[in-house]
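K.L.:
In the working numbering, the protein residues as written are 1 to 125.
By construction, the Cβ of each residue, glycine as well, lies at the ideal position given by its N, Cα and C atoms.
Please find one structure pasted underneath; my questions will follow.
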Amino acid sequence: MAKNVTVCLTFDFDAISVWIGTFHARSPSAISRGEFGKVGAERLLTLLRERNLPSTWFVPGHTADAFPATVEAIAAAGHEIGHHGYFHDRPATPEDEARDFDRATAASSGGSDGRRAAIAPRPPA
Ligand SMILES: [Zn+2]
1 MAKNVTVCLT FDFDAISVWI GTFHARSPSA ISRGEFGKVG AERLLTLLRE
51 RNLPSTWFVP GHTADAFPAT VEAIAAAGHE IGHHGYFHDR PATPEDEARD
101 FDRATAASSG GSDGRRAAIA PRPPA
């Protein structure tokens with residue numbers, strides 16, 4: 001008897017933003033660990049393409065600004081991109097949150113053909 005199984009594949013492409021935002025790192029060594037997010041994202045894109053799997057990627061605005069080609073590759077492959085704040089941080093006030101949301105929206109809505117537009121928000125924390 002065949003079973004129907006539904007799986008929702010989602011990824012956070014936080015890259016450098018998690019070190020700057022969540023961990024408030026100031027050390028270049030710590031922040032540089034975020035560079036490997038690009039490597040992982042590209043490996044995942046290859047795997048998803050080989051298996052013909054759709055997915056959703058939550059991408060902070062800082063990551064969209066720092067790695068635009070990778071984020072455009074995610075969108076070009078047909079994956080959804082979710083709003084994930086700008087610096088992957090917890091804003092202290094509603095005004096800070098609104099500013100962070102708008103900045104992340106602007107970063108996520110770019111791209112050469114506008115396909116990077118973020119869908120629903122998911123706060124980092
Ligand atoms: Zn995240």
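1) Where in the stretch 11 to 58 do unbroken runs of the alpha helix (DSSP H), each at least 4 residues long, occur, reported from the N-terminal end onward?
2) Would you grab the beta carbon distance between A104 and Y86 for me? Rounded to a whole angstrom, and I think it's under 8 Å.
3) When the Cα of F58 is compared with those of L47, L48 and G82, which residue comes out closest?
4) Since I believe A64 is in contact with G34 (beta carbons under 8 Å), could you give me their beta-carbon distance rounded to a whole number of angstroms?
5) Can you pull the DSSP bridge partners for I74?
6) Report yes or no: do three or more beta-carbon pairs, one from the stretch 73 to 81 and one from the stretch 42 to 60, lie closer than 8 Å?
7) For the beta strand (DSSP E) holding G85, just list the boundary residues, first then last.
8) Would you mind giving the Cβ-Cβ distance between H62 and D12, rounded to the nearest angstrom? I have them listed as a contact below 8 Å.
9) Give me the Cβ distance between D89 and G37, rounded to the nearest whole Å; I'm assuming they're in contact under 8 Å.
10) Can you give me the C-alpha to C-alpha distance between A75 and R26, rounded to a whole angstrom?
11) Quick one, are the C-beta atoms of A41 and T70 less than 8 Å apart?
12) Give the C-beta separation of D100 and P91 to the nearest angstrom, bearing in mind that I take them to be a contact with Cβ-Cβ under 8 Å.
P.N.:
To lay it out plainly:
1) As far as the stretch 11 to 58 is concerned, its whole alpha helix (DSSP H) runs of at least 4 residues are 28 to 32 and 36 to 51.
2) Contact holds; Cβ gap of about 4 Å.
3) With distances taken between Cα atoms, F58 lies closest to G82.
4) Contact between G34 and A64 is absent: CB atoms are separated by about 14 Å, not below the 8 Å threshold.
5) In DSSP, I74 forms no bridge with anything.
6) Verdict: yes, contact present.
7) Element bounds for G85: n/a, residue is neither H nor E.
8) A Cβ-Cβ distance of about 13 Å is found for the pair H62 and D12, leaving them out of contact under the 8 Å criterion.
9) Under the criterion of beta carbons closer than 8 Å, D89 and G37 do not qualify as touching, at roughly 16 Å.
10) The straight-line gap from Cα to Cα measures roughly 31 Å.
11) Taking 8 Å as the Cβ cut-off, A41 and T70 qualify as a contacting pair.
12) Confirmed, about 5 Å.
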